[in-house]
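Listed in order, the protein sequences are those of chains A and B.
One gets our numbering by counting positions in the first sequence from 1 and adding 4 to each.
One gets our numbering by counting positions in the second sequence from 1 and adding 209 to each.
Beta carbons: idealized from backbone N, C-alpha and C, even for Gly.
In what follows, a structure is listed as structure tokens, so that the remarks can point back to it.
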Amino acid sequence: MNRERMQDILEAYGADPARWPEAERDAAQDFLLDHPEILAEAHALEAELDALLEMPDPQPSELLQHRILKSLPQPGLVWGWRAPVAAAAALVIGVFAGFAGGHIAPQSNDAEAIYAEAFSGFDEDWTDWLGEEI
Amino acid sequence: MADKGLNGFRVRSRGGDQSDEALLGRIAQGDRDAARLLMQRCLPRICGIAQRMLGDPAEAEDVAQETFIRVWKAAGRFESGRAQVTTWISRIAINLCYDRLRKRREVLMDEMPERADETPDQEARLTRRESGNRVVDAVNQLPERQRMAMELVHFQEMSNIAAAEIMSVSVEALESLLARGRRKLKALLMDQAGDLISSYHSVAVAQEGVER
């Protein structure tokens, strides 16, 4: 450890040895103890910045706490043998409804189809027609 | 048995092991009291991380919520022995913040392609939000990588090796980021040192009063 490296450590990690690189921590502490006059000013400056950065954590709002707790998933229901049976039943009903749907669904209304078709391709003529009127 | 949580609320608990790891195990079973207790232990720290990294209190709250949603989902898969629970939760929050910072940067670069080569200082100014807290605002004025280095090493007290690994830089590069970050913070904060420290005391006294 020398003065230059000690200064680098202070400037990068601050005055608290707990944040210094583990491999150099003991040597750095010994260096400062052996040479208290060297870097005393730099050490004090970094200690002051460390103190400034020791700000209290913000107090979270109750609304935030409520939101977070609300996001906790509900415990899963224990269905045992019922789950696969329910899944199979849903599948059968779904397939039946799908096939039956084609016959059950109302036939398309011809009048509505004609009405809708009347507007397809309308855009092309729209401006010309407007131009003639104006 | 009760644990004093945020805002002085007493939290009901079932007794037994109240360690963070035990709480995670109960949370995996859907235990709401355990979730409340762990949230109250960790939430201020997570909000602190998110505010320092993002500078925007509203965005910090969103990150805090997203962090806990992930904690709830992954509670049953936590591997004890790899990290402390608080460290794990902090890492989730830091990752989420980092993602948001990256998205902010991408949006800015899309909006202002002609400014893509600006210096990191200018980039930091563009992405800066005002939080109302002078220290948070000062930290937020640091370029993104200096801020990240300070968050990992100073605030989270990670080793230089671990922090360098997370940031994919050498230890020397990490030290350079830290030194530049601290130099800028000194320039921004030292003239207000007396005011800031007395304001911390006021906040601490007020919080003690609430908890009493």
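Buried or exposed: residue i, going by 16 or more other Cβ atoms within 10 Å of its Cβ?
i, result
"Met399 of chain B", "exposed"
"Asp326 of chain B", "Legend: pLDDT at Asp326 of chain B = 49, less than 50; position of this residue unreliable, value from coordinates given subsequently. Looking at its Cβ environment, which holds fewer than 16 other Cβ atoms inside 10 Å, Asp326 of chain B is exposed."
"Val419 of chain B", "Confidence at Val419 of chain B is low in this model, with a pLDDT of 47, below 50, so its placement is unreliable and the value that follows should be read with caution. Exposed: under 16 other Cβ atoms inside 10 Å."
"Ser299 of chain B", "buried"
"Glu15 of chain A", "buried"
"Leu36 of chain A", "buried"
"Glu50 of chain A", "buried"
"Pro77 of chain A", "exposed"
"Ile370 of chain B", "exposed"
"Gly18 of chain A", "buried"
"Pro266 of chain B", "buried"
"Glu381 of chain B", "exposed"
"Gln33 of chain A", "exposed"
"Ile1 of chain A", "Because chain A here runs from 5 to 138, residue 1 of chain A falls outside it and cannot be looked at."
"Arg250 of chain B", "buried"
"Gln56 of chain A", "Residue identity differs from the one stated: residue 56 of chain A is Leu in this sequence, not Gln. Classification for Leu56 of chain A: buried."
"Pro40 of chain A", "exposed"
"Ala48 of chain A", "exposed"
"Arg235 of chain B", "buried"
"Val99 of chain A", "exposed"
"Leu95 of chain A", "exposed"
"Arg291 of chain B", "exposed"
"Glu396 of chain B", "According to the sequence displayed, residue 396 of chain B carries Ala and not Glu. With fewer than 16 other Cβ atoms within 10 Å, it is exposed."
"Ala372 of chain B", "buried"
"Arg354 of chain B", "buried"
"Val316 of chain B", "exposed"
"Ala333 of chain B", "Low confidence applies here, because Ala333 of chain B scores a pLDDT of 49, under 50, leaving its location unreliable; read the following figure in that light. The residue in question, Ala333 of chain B, is buried, as its Cβ has 16 or more Cβ neighbours within 10 Å."
So, under 8 Å CB-CB, residue i and residue j are touching, yes? Tell me the CB distance rounded to an integer number of Å.
i, j, result
"Glu366 of chain B", "Asp12 of chain A", "That belief does not hold up - the Cβ atoms of Glu366 of chain B and Asp12 of chain A are roughly 19 Å apart, past 8 Å."
"Leu233 of chain B", "Leu246 of chain B", "With 8 Å as the limit, Leu233 of chain B and Leu246 of chain B do not qualify as a contact, their Cβ atoms being about 11 Å apart."
"Met5 of chain A", "Ala46 of chain A", "In fact, because the Cβ distance is near 15 Å, the residues do not count as touching under 8 Å."
"Arg140 of chain A", "Val362 of chain B", "No statement about residue 140 of chain A is possible, as the shown extent of chain A runs from 5 to 138 and does not include it."
"Asp346 of chain B", "Gly264 of chain B", "7 Å"
"Leu351 of chain B", "Lys393 of chain B", "6 Å"
"Ser228 of chain B", "Glu26 of chain A", "Between Glu26 of chain A and Ser228 of chain B the Cβ distance is about 26 Å, and since that is not below 8 Å, they are no contact."
"Leu310 of chain B", "Met262 of chain B", "7 Å"
"Met59 of chain A", "Val344 of chain B", "5 Å"
"Met10 of chain A", "Leu53 of chain A", "Rounded, the Cβ-Cβ distance is 17 Å, inconsistent with contact."
"Ala259 of chain B", "Ala269 of chain B", "4 Å"
"Ser75 of chain A", "Ile301 of chain B", "So it is not a contact: roughly 14 Å between Cβ atoms."
- Anything in the segment 355 to 389 of chain B with a Cβ closer than 7 Å to a Cβ of chain A? List those residues in chain order, please. Per Cβ criterion, the list reads Val362, His363, Glu366, Ser368, Asn369, Glu384, Leu387, Ala388.
- Which of the residues in the segment 290 to 303 of chain B, read from start to end, lie with their CB under 9 Å from any CB of chain A? none
- Task: Residues of the segment 61 to 75 of chain A with a CB closer than 9 Å to any CB of chain B: list them in chain order, please.
- Result: Asp61, Pro62, Gln63, Pro64, Ser65, Glu66, Leu67, Leu68, Gln69, Arg71, Ile72, Leu73, Ser75
- Message: Does the contact criterion of 3 or more C-beta pairs under 8 Å hold for the segment 63 to 71 of chain A versus the segment 272 to 281 of chain B?
- Response: Remark: three or more beta-carbon pairs, one from each stretch, lie closer than 8 Å, so the segment 63 to 71 of chain A and the segment 272 to 281 of chain B are flagged as touching.
- Task: With a floor of 4 residues, list each alpha helix (DSSP H) that falls wholly inside the segment 230 to 290 of chain B, ordered by position along the chain.
- Result: 241 to 263, 266 to 283
- Message: I want to know whether the segment 346 to 360 of chain B touches the segment 381 to 395 of chain B - three or more CB-CB distances under 8 Å.
- Response: Flag = yes, the segment 346 to 360 of chain B and the segment 381 to 395 of chain B touch.
- Task: Taking 8 Å as the threshold, find out whether the segment 279 to 286 of chain B comes into contact with the segment 252 to 263 of chain B through three or more Cβ pairs.
- Result: No, the segment 279 to 286 of chain B does not touch the segment 252 to 263 of chain B.
- Message: Please identify, using Cβ separations under 8 Å, the residues of the segment 247 to 261 of chain B that lie next to chain A, in order along the chain.
- Response: Met248, Gln249, Leu252, Pro253, Arg254, Cys256, Gly257, Gln260
- Please list the residues of the segment 258 to 287 of chain B that have a C-beta atom closer than 7 Å to any C-beta atom in chain A, keeping them in chain order. Identification of residues in the segment 258 to 287 of chain B having a C-beta nearer than 7 Å to some C-beta of chain A yields Gln260, Glu270, Ala273, Gln274, Phe277, Ile278, Trp281, given in sequence order.
- Those runs of the alpha helix (DSSP H) which lie wholly inside the segment 350 to 382 of chain B and span at least 4 residues: 353 to 358, 369 to 376
- Task: Select from the segment 24 to 44 of chain A all residues with a C-beta closer than 7 Å to any C-beta belonging to chain B, and list them in chain order.
- Result: Pro25, Glu26
- Task: Select from the segment 226 to 238 of chain B all residues with a C-beta closer than 9 Å to any C-beta belonging to chain A, and list them in chain order.
- Result: Those residues of the segment 226 to 238 of chain B that come within reach of chain A (Cβ to Cβ, closer than 9 Å) are Ile236, Gln238.
- Query: When you check each C-beta in the segment 11 to 25 of chain A against every C-beta of chain B, which residues fall closer than 8 Å?
  - Reply: Within the segment 11 to 25 of chain A, the qualifying residues are Asp12, Glu15, Ala16, Tyr17, Gly18, Ala22, Arg23, Pro25.
- Query: Relative to chain A, which residues along the segment 390 to 401 of chain B have a C-beta separation below 8 Å, given in chain order?
  - Reply: Arg391, Arg392, Leu394, Lys395, Leu398, Met399
- Query: If contact means a Cβ-Cβ distance below 9 Å, which residues of the segment 50 to 61 of chain A contact chain B?
  - Reply: Listed by position, the residues of the segment 50 to 61 of chain A near chain B (Cβ gap below 9 Å) are Glu50, Glu52, Leu53, Asp54, Ala55, Leu56, Leu57, Glu58, Met59, Pro60, Asp61.
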